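Participant: Here it is, the structure, as structure tokens.
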Amino acid sequence: MPNVSPNPTPHATPGPTPHAMPNPTPHTTPDPMPHATPNPTPHAMPNSMPNASPNALPNSTPNPMQICPSTFAACKNRPALTTSDTYKEVLVDLQCLLNHNIAMQLKVDGIFGSKTKANVLAWQRKKGLIKDGVVGIKTWNTLCNTFIPMSDLLVQKLVNLAEKEEELHVVEVPLGSNRGPRVDEFRAATWLALGNGWDWCAAFICWLMREAMKNHSYEFWRPQTAGAWDFENWAREQTCGVSLKKPHGNDIYAGDIVVFKLQHIGLATNAPDAAGYIKTIEGNTSADGSINTKVHGVFAKKCKLSDIRSRIRITESDCYLSSLSEMSIDDTRMLTSNNLLMSMSMSMSTSMSMSMSMSTSMSMSMSMWM
Numbered sequence: 392m393p394n395v396s397p398n399p400t401p402h403a404t405p406g407p408t409p410h411a412m413p414n415p416t417p418h419t420t421p422d423p424m425p426h427a428t429p430n431p432t433p434h435a436m437p438n439s440m441p442n443a444s445p446n447a448l449p450n451s452t453p454n455p456m457q458i459c460p461s462t463f464a465a466c467k468n469r470p471a472l473t474t475s476d477t478y479k480e481v482l483v484d485l486q487c488l489l490n491h492n493i494a495m496q497l498k499v500d501g502i503f504g505s506k507t508k509a510n511v512l513a514w515q516r517k518k519g520l521i522k523d524g525v526v527g528i529k530t531w532n533t534l535c536n537t538f539i540p541m542s543d544l545l546v547q548k549l550v551n552l553a554e555k556e557e558e559l560h561v562v563e564v565p566l567g568s569n570r571g572p573r574v575d576e577f578r579a580a581t582w583l584a585l586g587n588g589w590d591w592c593a594a595f596i597c598w599l600m601r602e603a604m605k606n607h608s609y610e611f612w613r614p615q616t617a618g619a620w621d622f623e624n625w626a627r628e629q630t631c632g633v634s635l636k637k638p639h640g641n642d643i644y645a646g647d648i649v650v651f652k653l654q655h656i657g658l659a660t661n662a663p664d665a666a667g668y669i670k671t672i673e674g675n676t677s678a679d680g681s682i683n684t685k686v687h688g689v690f691a692k693k694c695k696l697s698d699i700r701s702r703i704r705i706t707e708s709d710c711y712l713s714s715l716s717e718m719s720i721d722d723t724r725m726l727t728s729n730n731l732l733m734s735m736s737m738s739m740s741t742s743m744s745m746s747m748s749m750s751t752s753m754s755m756s757m758s759m760w761m
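In terms of the numbering used here, the sequence shown opens at residue 392 and continues consecutively.
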């Protein structure tokens, strides 16, 4: 065996892979890879993938593979936009959705200029809305609903789960104990042993994430921390699918995890309103926000942007596409070559095993007759 494995591999790599494999295989298994990689890759990877994904952004942003990942869970709650607004991230999402819905080559620059307004008017005309050029709730709804079902998104699942728990009026049992049948279920979603009662606001978010992520795989791992501020460390450790930022302007969307300055954490259920208030659902809190009351549970709250230390946004939709867009031609060739070599190696090993088995069988047969 030591002399067999190194020999076939050097002959299999330089010989068959460049010349023998691409001829018979293009019409069977690796057909998409040879044609998509060597020839049109510089233009096919950025252009063909956006067509496969719903986001075609043709060369208008540095990374055309981005899907405006936070648009779809929050667009129904966004404030009205006019040409005087400068919320760049929100405007980028608006332009992204306009490009998708009416197939225009609108430059995605986050500026509400004359061309963006013209596209908004065209969309409003198409949908029978009031043609005022203002992106209000009805315009957001029509733009988002044609794109992707909101229920399919992890962030929307988070919001739905939080709203359901709030409707159930979950409270501690006994009051003020940091315990209770449902509360203990929340706390079990962390790495910390249940033991005696401990503050469980972060545990509630961990439970929401665990339930929302069930039956699906994601590029980031589930948070299991019992510390509110430690959620920031979790977000920093993720290489894809999670964004951590200090909030600015109206940069809070439904489904964002909001970390408060006072060692607390919750889930945003809408964007800031005209007065700058954000609706949240939080665990281990009181209905009136008082820390003196013993009635702590899951409650809907309102907070100011200034109360928030950071926001954590789930952006899982761009993970897979980003990884593909960052793959070079050489990476793709290497992937194909490695797969072919592995297949050849397994095939040769199987053949050798069969030969050895036959040889052993023949030896045993001969010994029986001798």
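Ideal Cβ placement from N, Cα and C applies to all residues, glycine included. Since the structure is predicted, the reported quantities are computational estimates derived from the model, not experimental observations.
Which ranges does the beta strand (DSSP E) cover as unbroken runs of at least 3 residues, wholly within the stretch 567 to 644, from first to last along the chain?
Facilitator: The qualifying runs are 633 to 636.
Participant: Output yes or no for whether 8 Å exceeds the beta carbon distance between E610 and G632.
Facilitator: Yes, they are a contact pair.
Participant: For V628 and P572, what's the separation of their Cα atoms in angstroms?
Facilitator: It is Glu, not Val, that sits at residue 628 in the sequence shown. Distance between the alpha carbons of E628 and P572: 32 Å.
Participant: Answer yes or no: do K548 and A594 have a C-beta to C-beta separation smaller than 8 Å?
Facilitator: Not in contact: K548 and A594 (Cβ atoms no closer than 8 Å).
Participant: Within 10 Å of its beta-carbon, does I766 have 16 or more other beta-carbons around it, so buried, or fewer, so exposed?
Facilitator: Because residue 766 is not part of the residues shown, which for the chain are 392 to 761, the question remains open.
Participant: Assign T660 to buried or exposed, taking buried as 16 or more other Cβ atoms, counted over all protein chains shown, within 10 Å of its Cβ.
Facilitator: T660 is buried by the Cβ-count criterion.
Participant: When we look at the beta-carbon of V564 and count the other beta-carbons within 10 Å, is it buried (16 or more) or exposed?
Facilitator: Its Cβ having fewer than 16 others within 10 Å, V564 is exposed.
Participant: Where does A513 fall in DSSP's three states?
Facilitator: Of the three classes helix, strand and coil, the one that applies to A513 here is helix, per DSSP.
Participant: Given a threshold of 16 other Cβ atoms within 10 Å of its Cβ, counted over all protein chains shown, does S475 qualify as buried or as exposed?
Facilitator: Its Cβ having fewer than 16 others within 10 Å, S475 is exposed.
Participant: Looking at the unbroken beta strand (DSSP E) that takes in E563, where does it start and where does it end?
Facilitator: First-last for E563: undefined, no H or E at that position.
Participant: Leaving out five residues on either side along the sequence, give the residues of the same chain with a beta carbon under 8 Å from the beta carbon of F622.
Facilitator: Closer than 8 Å at the Cβ level, and outside the excluded window around F622, lie A593, I596, P614, T616, I648, V650, I656, I703.
Participant: Shortest alpha-carbon distance to E556 belongs to which of G688, S697, K693, S701?
Facilitator: The shortest C-alpha separation from E556 is found at G688.
Participant: Between K479 and G567, is the Cβ-Cβ spacing less than 8 Å?
Facilitator: Not a contact, by the Cβ cut-off of 8 Å.
Participant: In its own chain, which residues sit with a C-beta less than 8 Å from the C-beta of K695, not counting the 5 before and 5 after it?
Facilitator: So the list reads G667, Y668, I669, once near-sequence residues are dropped.
Participant: What does the alpha-carbon distance come out to for the pair L635 and I699?
Facilitator: Going by the C-alpha atoms only, they are around 12 Å apart.
Participant: Please list the terminal residues of the continuous alpha helix (DSSP H) segment that includes L488.
Facilitator: Looking at the DSSP string, the run of the alpha helix (DSSP H) that includes L488 is 479 to 493.
Participant: Taking only three categories from DSSP, how would you classify V499?
Facilitator: Three-state DSSP puts V499 in coil, outside helix and strand.
Participant: With DSSP run on the structure shown, which of helix, strand or coil describes L549?
Facilitator: In this structure, L549 counts as helix in the three-state DSSP scheme.
Participant: Could you give the DSSP three-state label for I521: helix, strand or coil?
Facilitator: Coil, per DSSP.
Participant: So which of L658, T676, G640, A678 has the shortest CA-CA distance to T477?
Facilitator: T477 has its Cα closest to that of G640, out of L658, T676, G640, A678.
Participant: Can you determine whether any heavy atom of the ligand MN sits closer than 7 Å to the C-beta of Y478, and answer yes or no?
Facilitator: Questions concerning the ligand MN fall outside what the structure shown contains, since it holds no ligand whatsoever.
Participant: Name the two residues that bound the continuous beta strand (DSSP E) containing S701.
Facilitator: Looking at the DSSP string, the run of the beta strand (DSSP E) that includes S701 is 699 to 705.
Participant: Whose C-beta lies closer than 8 Å to the C-beta of Q515 among residues of the same chain, with five residues either side of it excluded?
Facilitator: Within the same chain, Q515 has close Cβ partners I521, K522, D523, G524, T530.
Participant: When you compare each of A619, A513, A580 to K605 by their alpha carbons, which one comes out closest?
Facilitator: Minimum Cα distance to K605 is reached at A580.
Participant: Which residue from H491, N492, C487 puts its Cα closest to that of I502?
Facilitator: Checking every option, the nearest Cα to that of I502 belongs to C487.
Participant: Where does L696 fall in DSSP's three states?
Facilitator: L696: helix per DSSP, three-state reduction.
Participant: For V550, collect the residues of the same chain with a Cβ closer than 6 Å to its Cβ; drop the 5 residues on either side in sequence, then sort them by chain order.
Facilitator: Closer than 6 Å at Cβ, skipping near neighbours: A645, G646, T660.
Participant: Tell me whether N675 sits in a helix, a strand or coil according to DSSP, three-state version.
Facilitator: Residue state, collapsed to three classes: strand.
Participant: Measure the alpha-carbon distance for G586 versus F577 and round it to whole angstroms.
Facilitator: Answer to the nearest angstrom: the Cα atoms are 13 Å apart.
Participant: With a cut-off of 8 Å on the beta carbons, I'd call L482 and A553 a contact; round off their distance for me.
Facilitator: Their Cβ separation, rounded to whole angstroms, is 28 Å, which puts L482 and A553 out of contact at 8 Å.
Participant: Leaving aside the five residues before and after K506 along the sequence, list all residues of the same chain whose C-beta is less than 8 Å from its C-beta, in chain order.
Facilitator: So the qualifying residues of the chain are L497, K498.
Participant: Given that a residue counts as buried once 16 or more other Cβ atoms are within 10 Å of its Cβ, and exposed if not, what is T706?
Facilitator: Classification for T706: buried.
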